[in-house]
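Residue numbers (our numbering): 40 to 626. Heads up, the beta-carbon is just placed ideally off N, CA and C, and yes, glycines get one too. Because the structure is a prediction, the values reported are computed rather than measured.
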Amino acid sequence: MDFPTPSAYQEALQHPETAFADAALQRAEPRTGPLGLPRPVTGAFAAVFPMTTPEGTTVAAKCFLSDAPDQQNRYRAVADPLADADLPYTVGFDYQPEGVRVGGAAFPLLKMDWAEGVPLNRFAEKHRGAPATLDALAEAWADMLADLEAANVAHGDLQHGNVLVRETPEGRPALTLVDYDTAFVPALAGKQSAEVGHRNYQPPDRTEDDFGPHLDRFAGLAVYVALRALASRSGLWEKYDTGENLLFRAADFYDPGASPLFAELGALDALQHEVSALRAACHRPPEDAPTLADVRSGTAPVEADPAPRRREHAVPREGVARWFAPALGGALVVAALGAAVGWELAAGGGLLGAVAAAGVVALRAYRRQSVVRRRRRLHQEAARFAERIENLRREQQTLQEQRAAVLDTRAKRRAERLRELREEALREKLGRHFIGEARGVEGLSHKTVVRLKAANVRTAYEATPEALAGVRKLGEASTARLEAWRAALVERYADDMPEALSPAQKRRLKRRAERRLEQIDEEAARTRRKIEVQRAEREDAMARAEALPALSFARYLRYLLHFESSLPSPEETQTPAPPTPAPKTAL
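Structure below.
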């Protein structure tokens, strides 16, 4: 079943009392735009609606745009460890498997405490001319990473959209992390990552198999370097900002030796060590990325700028590659000796077991090869972009349906507005007749009037059949007399009721419909631009994957057995160097 689009959620949340299962959200009011419609903050896979409770508290209702396997179990596993850690960077949340209804179907919802602040990249943009503020932000960032490491947890997708920055009363920047879809806690050890993170912040070789307390190290170092670099040279922002990054882009990490940004950062004396550490991390497995604390203290090993490797290069035999052939050879020798002394059955079983174990070890080592990991990540990225494009196309369809509905219901809206005006006029007329006048009706006593007032029926307008049915000890005869009294008043004022909308009222309705159509058309244009961006990103990921040299499992096995001395390198691929960012478009 397809999940609702942002516009479908927007329509449903106009009526929180029926859309939400949560009692507090049912009584809350959504934050609305100029036309009174709920206004979401839309991401790639969710739409977040700010909701204000009657008590004045703001909460966030995160509505998902696609299904995520094991999502409920992951959020339950993450909830207690984050709460126990009591970190100032996280917010409370409640995952509700059937929390929101759209079109008669129930969908999961994440109810979250509202976090104040602006996205990390927007804060950096605003303060790019204030080095002291950016340096303070970098220090706050380093403190946060150290606290996450100490708690043995990781956010898993540190990027501008998931980090909110606010200024404390003392003027210091404070950080809040949102979106815990990819969070790691010890209870999730052994599982795969739900996502692989924003490509402009993650190491090139990260795949779904990379899931542990190390997840934030590469992105944390990249953000720290970017903040410190902006504090030193604010002009980097105009040159490298795309609206979807913090200076760095995926292309910089895939080939740092060809990156103009890395070249510029290398000229900043104060950041030499940090830039070298980040450059080196681009060539290492994600789990080998150093902590920011180690980089800052100088205890993290940092290589000199790696020389460009040939497409085919001799790889030092370490780990599995070092002992695989000798171990397998030893197993074969033992099996042969066993057969020679008459232990054929045991030798055969041992040989099969050794070969099977060797195959498993070799396959795991093969999957950890940089070329293999990188290709898998790029294919995963391409698949995610394709999913986003499909979600955006469904959003386009929803917007088209809403546009058609606005055009089709203009006459209906005029009739509804006329009914509203007639009801307002009737309220004004009947509201002048207080319920005490009913004492003049034969058969209605003072006690009857007292009962009516006690039930908040104080005027003829309020004396509707529904209201009278709720009055205690009001007999059928009295009810009939009151209804007749009210009906006579309605008849008296019938000629005073408006028969048609005035020209001014018609113009107002027309303008409202036109504004709604303009809003839909603007959102449709933004959606088209998003599709173009996602399509370009997908094509880039596929091009990089296709440019990677081939490394089959058979070839890697030959390397392990010393039949080959070299393996392909992912760095020397025929992909273009990172280009200068194109002008940004509002999404």
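- L269 sits close to R167, with the two beta carbons spaced by under 8 Å.
- Between the stretch 63-76 and the stretch 89-100, the count of C-beta pairs closer than 8 Å reaches three or more; the two stretches touch.
- The DSSP-derived three-state label of M151 is strand.
- In summary, D447 is exposed, with fewer than 16 beta-carbon neighbours lying within 10 Å of its beta-carbon over all protein chains present.
- Straight through space, the alpha carbons of A86 and G72 are spaced by roughly 15 Å.
- Straight across, the Cα-Cα distance linking R115 with Y263 is about 31 Å.
- Counting only runs of at least 4 residues, the stretch 263-316 fully encloses the following alpha helix (DSSP H) elements, listed from N- to C-terminal order: 275-279, 289-293 and 299-304.
- Between V510 and V496, the C-beta spacing is below 8 Å.
- Closest option to S105, judged by alpha-carbon separation, among G82, L126, R113 and E603: G82.
- The C-beta separation of A193 from P108 comes to about 20 Å, leaving the pair out of contact by the 8 Å criterion.
- Comparing alpha carbon positions, the residue from F424, N430, D333 and R323 closest to R407 is R323.
- Listed in chain order, the non-local C-beta contacts of T518 below 6 Å within the same chain comprise L507, local neighbours out to five positions each way being set aside.
- Residue range S409 to D447 is occupied by the alpha helix (DSSP H) that includes E420.
- Around the beta carbon of A396, fewer than 16 other beta carbons sit within 10 angstroms, so the residue counts as exposed.
- Taking the Cα positions, R416 is about 13 Å away from Y240.
- Secondary structure remark: continuous alpha helix (DSSP H) runs of at least 4 residues inside the stretch 451-535, in chain order: 485-493, 504-508 and 515-531.
- Taking a C-beta distance under 8 Å as the contact criterion, R318 and P299 do not qualify as a contact pair.
- In this structure, A179 keeps its C-beta atom at 8 Å or more from the C-beta atom of P208.
- Across the set Q198, E429, D280 and A185, the C-alpha of A185 shows the shortest separation from the C-alpha of D333.
- Distances from the CA of D560 to each of E501, A523 and Q436 were compared; the closest alpha carbon is that of Q436.
- In the DSSP assignment, Q544 falls within the unbroken alpha helix (DSSP H) covering P542 to A586.
- Take the alpha-carbon of A154 and the one of V217: they are about 8 Å apart.
- Contact annotation, F250 with Q231: C-beta distance approximately 6 Å; criterion of less than 8 Å satisfied.
- A distance below 7 Å between beta-carbons, with the five flanking residues on each side excluded, links S46 to the following residues of its chain, in chain order: E434, T437, L438 and Q441.
- With respect to the 8 Å criterion, Q111 and P127 are not classified as neighbours on the basis of their beta carbons.
- Under the DSSP definition of a beta bridge, K101 partners with V87 and L149.
- Judged by DSSP in its simplified three-state form, A60 adopts coil rather than helix or strand.
- For E481, same chain residues with a beta-carbon under 8 Å away, outside a window of 5 residues either side, are R520 in chain order.
- Across the structure, R550 and R466 are spaced so that their CA atoms are roughly 27 Å apart.
- In the three-state reduction of the DSSP assignment, Q49 falls in the helix class.
- Residues R551, R554, R555 and Q558 of the same chain have their beta carbon placed closer than 8 Å to that of L74, with the five preceding and five following residues left out of the count.
- Here DSSP, grouped into helix, strand and coil, assigns T215 to strand.
- Cβ neighbours of L540 within its own chain (closer than 7 Å, five residues either side excluded): R453, R456 and L457.
- At the C-beta level, Y405 and F223 stay beyond 8 Å of one another.
- The beta-carbon separation of Q573 and I428, rounded to 5 Å, stays under the 8 Å limit for a contact.
- For E68, the pairing in a beta bridge is given by DSSP as T91.
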